[in-house]
Amino acid sequence: MTVVATPPPSAPPEGSPLPRRGDRYRVVAPNNAHAAKLARDFVATLLRVTGHPGLVDDARLCVSEVVGNVYCHTRSRLIRVDVAIAPQRVTVHVTDDQPEPLPLTVPGPGAESGRGLLIVDRLSLRWGATVQGRGRRQTKTVWFVLVGPEPELQASPRRGEREL
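Everything in the sequence shown is counted per the working numbering, starting at 1298 for the first residue and increasing by one.
In C-alpha cells:
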C-alpha cells in the first residue's frame, strides 16, 4: 500500500470536478477483499483530521460502494483513491484500470445487490464516471462530491504543550 500527499494534477479527468484549492491525498492498494476497508478508513481519517467529521459516515458508505464495485466487477490489479479536501467540499476519485463502465440497473424489490450507485447518488452533491487514456492504458474513475459546513479545525498545541 502506498499513501502520499499529491500536488494538484495538471488537468483533472474530463467532466471530473476538482476543487481549485485545498489539499489532495492518494492511496493505492491491491484490488482485494481488504481494499474497501482500507480506502474507507483512509478517507474517514482524512476527514476527521481536516475538520470534516460530519462527512465521515456518508464518505465511508460511498467509498465502500465504489471500491466494492471495483473489487466485485473488474479484474483491475490496483485501486487508486484520490481525495481532494476543500473548506466546504470533499471530492473522492476511485480509479481502476478496467475502462468498461458498469451497467446501471434498477434493482427489484427483493434484490440483494445493485443499489450501490443509487446510494452514492443520494448521498453526494453529484457523481460521475470518466474514462481516461487510450488502448491498454485506459483507466476508469468513478468520482463523487460531498459538501458540508466549514471545517471544524482545532487549534494545534503550542510548542511544549501536549495534546490530551
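C-beta atoms are modelled at their ideal positions from N, C-alpha and C, and glycine is treated no differently. Model, not experiment: these values are computed from the prediction.
Worksheet item: Going by alpha carbons, who is nearest to L1375 out of P1350, E1362, Q1395, T1388?
Response: Q1395
Worksheet item: Secondary structure at D1338, three-state DSSP: helix, strand or coil?
Response: Here D1338 sits in helix by DSSP.
Practice prompt. Pick out the complete beta strand (DSSP E) segments inside the segment 1322 to 1399, 3 residues or longer, and give them in chain order.
Written response: 1375 to 1383, 1386 to 1393
Worksheet entry | Supposed contact pair D1379 and T1436 - C-beta distance, whole angstroms, cut 8 Å | In fact, because the Cβ distance is near 12 Å, the residues do not count as touching under 8 Å.
Worksheet item: What residue from A1356, T1342, V1391, R1323 has the CA that sits closest to I1416's CA?
Response: A1356
Worksheet item: Between the Cα of N1366 and the Cα atoms of A1333, G1445, A1381, which residue gives the shortest distance?
Response: Closest in C-alpha terms to N1366, from the list A1333, G1445, A1381, comes A1333.
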